[in-house]
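**Q**
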Amino acid sequence: MLNFNQALANERNTKSLVLGMTQRNPKSLVLGMTHSSTSLPSPKPRASRNSLKRPSEILDMMEPLREVRDGYLISLNLGSPPQIIQVYMDTGSDLTWVPCGNVSFDCMDCDDYKNNKLIPTYFSPSLSSSCTRDLCSSSSCMEIHSSDNFYDPCTMAGCSLATLVKSTCSRPCPLFSYTYAVGAVTGFGRGALSLPSQLGFLKKGFSHCFLGFKFANNPNISSPLVVGDVAIASKDYLQFTPMLKTPMNPNYYYIGLEAITIGNASTVKVPLNLREFDPQGNGAMLIDSGTTYTQLPEPLYSQLLSNLQSAITYPRAKDIETRTSFDLCYKVPCTNNNIFTDDLPSITFHFLNNVSLILPQGNHFYAMGAPSESTVVKCLLFQSMDANASGPAGVFGSFQQQNVEVVYDLEQERVGFKPRDCALAAAAQGLHKI
């Protein structure tokens, strides 16, 4: 593990970064995020809340040990002289983790990474004068192989955290298990080691506006990410819901879900555990940029599917459901081969404090391919969540946050939402190359 100290900072000004951003305010940063994806939307394995990252028992940080199939990348200039590294922006993590050197890693639960043990983009410590190597017994390094993580290979080897720290474990740990595939990660969580915290912005806030999936891998436009004063200033046009706190996971961003409305009529009431915590600290809804699709617990998820089936009269595409493992797919009329407009019912999430977020079109049903004979197959991009585990009761994923301005106001401990054309927002921030 390496200490970067101020290697992230611009040498001319320790309060600024060289991130391909547009700097509008010395107390704020405006960055551009590119949308990385390996393919059209594909379902992740059904998530168990045991498999989600959990805070460690030692430090105020979290581990980046989780699968990501597509996400939003930031280009960081690390070291002196700078080396450009692309990292996933993750609100569900604190740690900024970058692979160092040409080292082999075990990737767990990564279907499209099993045959590739090498991470092609890595940081070279020997080429930087501003980083130092940390000891494996340091508190930071101990967290990388924390026995608090169910999937950590050291845990599976039968080594407790205490024996690892004292180097008395009789069974050597396997290779570090890395589940971010070919990218590094920068944590935007609430802990002291997150990137906003280390830059002095943690008590302010940040905002993002994720571009739609159709812009994936487009190098000419990037999603706006604003950190600092500008992110939370003059945001009266947003609806704000309070951040919820639990001692079990103090560094996650939790919000409360009260109901879901289908179209203009059918309202699905949600269980109490999606807006409050039990005595053990489990429950509420995690808002996480590192989770692709929104996940809902049973029986709420099945009830949502049932209400959608009652409201939609198009024929089911059950062959596509079988092939993709998505639970609800329809053959939808496609006028003039325009796959981005349809008559499918809207889905509205109702959060605490009377916040109603109508998901932008394309954030729930998404086209699985090109139109054929004026018809396109669209599938619901939601997933069920394992109810027999600890942690959050649901997750609000990044796919459902597309074309929504999301503001994390850490001063007033609230999250704001406003549907918005993020491509236009990117152009306004100078993040659209013509």
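Taking UniProt numbering, the leading residue of the sequence shown gets 1, the next gets one more, and so forth. Glycine included, every Cβ here is placed at the ideal spot set by N, Cα and C.
Do the CB positions of residue 345 and residue 419 come within less than 8 Å of each other?
**A** By one-based count along the sequence shown, residue 345 stands at place 345. By one-based count along the sequence shown, residue 419 stands at place 419. No, the Cβ-Cβ distance between residue 345 and residue 419 is not below 8 Å.
**Q** For the beta strand (DSSP E) holding residue 319, just list the boundary residues, first then last.
**A** Against the sequence shown, residue 319 aligns to sequence position 319. That residue, residue 319, is in no beta strand (DSSP E); its alpha helix (DSSP H) goes 318-324.
**Q** In chain order, what are the residue ranges of uninterrupted beta strand (DSSP E) at least 3 long that sit wholly in the stretch 188-212?
**A** Runs of the beta strand (DSSP E) inside the stretch 188-212: 205-209.
**Q** Pick helix, strand or coil for residue 88, following the three-state DSSP scheme.
**A** As a position in the sequence shown, residue 88 is number 88, starting the count at 1. Correct three-state label for residue 88: strand.
**Q** With DSSP collapsed to three states, give me the class of residue 343.
**A** Taking the sequence shown and counting its residues from 1, the one referred to as residue 343 is at position 343. Three-state result, residue 343: coil.
**Q** So which of 353, 92, 234 and 78 has the shortest CA-CA distance to residue 131?
**A** Here residue 131 corresponds to residue number 131 of the sequence shown, with the count starting at 1. If we check each option's Cα against that of residue 131, 78 comes out closest.
**Q** Rounded to a whole number of angstroms, what is the C-alpha to C-alpha distance between residue 435 and residue 206?
**A** Absent from the model: residue 435. The displayed extent of the chain is 1 to 434, so no value can be given.
**Q** Determine the contact status of residue 403 and residue 281, defining contact as a CB-CB distance below 8 Å.
**A** The residue labelled residue 403 in the question sits at position 403 within the sequence shown. The residue labelled residue 281 in the question sits at position 281 within the sequence shown. Not a contact, by the Cβ cut-off of 8 Å.
**Q** Round the Cβ separation of residue 456 and residue 351 to the nearest angstrom and send it over; I've been treating them as touching at under 8 Å.
**A** Since the first residue of the chain shown is 1 and the last is 434, residue 456 is not available in this structure.
**Q** For residue 305, report the span of its alpha helix (DSSP H) as first-last.
**A** Numbered from its first residue, the sequence shown carries residue 305 at position 305. Unbroken alpha helix (DSSP H) run through residue 305: 300-311.
**Q** Quick one: does the C-beta of residue 356 sit closer than 7 Å to a heavy atom of the ligand MG?
**A** You won't find the ligand MG in this model; it holds no ligand whatsoever.
**Q** Can you tell me which of 81, 72, 260 and 95 puts its alpha carbon nearest to the alpha carbon of residue 125?
**A** Taking the sequence shown and counting its residues from 1, the one referred to as residue 125 is at position 125. Ranking 81, 72, 260 and 95 by Cα distance to residue 125 puts 81 first.
**Q** Check each candidate in 244, 228 and 230 and name the one with the smallest Cα separation from residue 414.
**A** As a first step, residue 414 is located in the sequence shown; it is residue number 414 there, counting from the start. Selected option, being the one with the closest Cα: 244.
**Q** Could you compute how far the alpha carbon of residue 185 sits from the alpha carbon of residue 89?
**A** Within the sequence shown, residue 185 is the residue found at index 185, counting from 1. Within the sequence shown, residue 89 is the residue found at index 89, counting from 1. Between residue 185 and residue 89, the C-alpha separation is close to 6 Å.
**Q** According to DSSP, is residue 77 helix, strand or coil?
**A** Translated into the one-based positions of the sequence shown, residue 77 becomes position 77. Correct three-state label for residue 77: strand.
**Q** May I ask you to report which of helix, strand or coil DSSP gives residue 425?
**A** Here residue 425 refers to the residue found at position 425 of the sequence shown. Note: residue 425 maps to helix in three-state DSSP.
**Q** Where does residue 240 land, buried or exposed, given buried means 16+ other C-beta within 10 angstroms?
**A** Mapped onto the sequence shown, residue 240 falls at position 240. With 16 or more Cβ atoms within 10 Å of its Cβ, residue 240 is classed as buried.
**Q** To which residues does DSSP link residue 481 through a beta bridge?
**A** In this structure the chain extends from 1 to 434, so residue 481 is not present and cannot be described.
**Q** Given 8 Å as the limit, is there contact between the stretch 308-323 and the stretch 189-203, that is, 3 or more CB pairs closer than that?
**A** Not touching, per the Cβ criterion.
**Q** By Cβ distance, which residues of its chain are closer than 7 Å to residue 275, with the 5 residues on each side in sequence left out?
**A** Position 275 of the sequence shown, counted from the start, is the residue given in the question as residue 275. Cβ within range, chain order: 256, 257, 258, 284 and 352.
**Q** Whole-angstrom Cβ separation of residue 331 and residue 267, contact assumed at under 8 Å?
**A** Stepping through the sequence shown from its first residue, residue 331 is reached at position 331. Stepping through the sequence shown from its first residue, residue 267 is reached at position 267. Not a contact, Cβ separation roughly 27 Å.
**Q** Excluding five sequence neighbours on each side, which residues of the same chain lie with their C-beta closer than 8 Å to the C-beta of residue 305?
**A** Position 305 of the sequence shown, counting from 1, holds the residue named residue 305. Taken in chain order, the residues that qualify are 327, 328 and 380.
**Q** Residue 418 by DSSP, collapsed to three states: which one?
**A** Here residue 418 corresponds to residue number 418 of the sequence shown, with the count starting at 1. Three-state DSSP puts residue 418 in a strand.
**Q** What residue does the alpha helix (DSSP H) around residue 229 start on, and which one ends it?
**A** Walking along the sequence shown from the start, residue 229 turns up at place 229. Looking at the DSSP string, the run of the alpha helix (DSSP H) that includes residue 229 is 229-232.
**Q** Should residue 378 go down as buried or exposed, given a rule of 16 or more other Cβ atoms within 10 Å for buried?
**A** Position 378 of the sequence shown, counted from the first residue, corresponds to residue 378. By the 10 Å Cβ count, residue 378 comes out buried.
**Q** State the Cα-Cα distance for the pair residue 321 and residue 342, rounded to the nearest angstrom.
**A** Taking the first residue of the sequence shown as position 1, residue 321 is located at position 321. Taking the first residue of the sequence shown as position 1, residue 342 is located at position 342. Their Cα atoms are separated by approximately 19 Å.
**Q** Residues in the same chain with beta-carbon distance under 6 Å from residue 357, minus the five sequence neighbours each way, listed in chain order, please.
**A** For the purposes of this step, residue 357 is taken as the residue at position 357 of the sequence shown. So the qualifying residues of the chain are 349 and 417.
**Q** Here's the rule: buried if 16 or more other CB atoms are within 10 angstroms of the residue's CB, otherwise exposed. What is residue 323?
**A** Taking the first residue of the sequence shown as 1, we reach residue 323 at position 323. The residue in question, residue 323, is exposed, as its Cβ has fewer than 16 Cβ neighbours within 10 Å.
**Q** Would you check if the distance between the CB atom of residue 401 and the CB atom of residue 210 is smaller than 8 Å?
**A** Residue mapping note: residue 401 aligns to position 401 of the sequence shown, counting from 1. Residue mapping note: residue 210 aligns to position 210 of the sequence shown, counting from 1. Result yes, Cβ atoms of residue 401 and residue 210 sit closer than 8 Å.
**Q** According to DSSP, is residue 214 part of a helix, a strand, or is it coil?
**A** As a working mapping, residue 214 is identified with position 214 in the sequence shown. DSSP places residue 214 in helix when its eight states are reduced to three.
**Q** Can you give the Cα-Cα distance for residue 189 and residue 95, rounded to whole angstroms?
**A** One-based indexing of the sequence shown puts residue 189 at position 189. One-based indexing of the sequence shown puts residue 95 at position 95. When rounded, the distance between both Cα atoms is 8 Å.
**Q** For the putative contact between residue 339 and residue 371, defined by C-beta atoms under 8 Å, what is the C-beta separation to the nearest angstrom?
**A** Position 339 of the sequence shown, counted from the start, is the residue given in the question as residue 339. Position 371 of the sequence shown, counted from the start, is the residue given in the question as residue 371. Contact holds; Cβ gap of about 6 Å.
**Q** Mind checking which residues open and close the beta strand (DSSP E) that includes residue 267?
**A** Locating residue 267 in the sequence shown gives position 267, where the first residue counts as 1. Counting along the chain, the beta strand (DSSP E) containing residue 267 begins and ends at 266-269.
**Q** Report all residues from its chain with a CB closer than 8 Å to the CB of residue 238; omit the five preceding and five following residues, and keep chain order.
**A** As a position in the sequence shown, residue 238 is number 238, starting the count at 1. Excluding sequence neighbours, residue 238 sits near 405, 407, 416, 417 and 418.
**Q** Is DSSP giving residue 296 helix, strand or coil here?
**A** The sequence position of residue 296 within the sequence shown is 296, counting from 1. Three-state DSSP puts residue 296 in a strand.
**Q** Tell me whether residue 392 is buried or exposed, calling it buried when 16 or more other Cβ atoms sit within 10 Å of its Cβ.
**A** Residue 392 sits at position 392 when you count from the first residue of the sequence shown. Label assigned to residue 392: buried.
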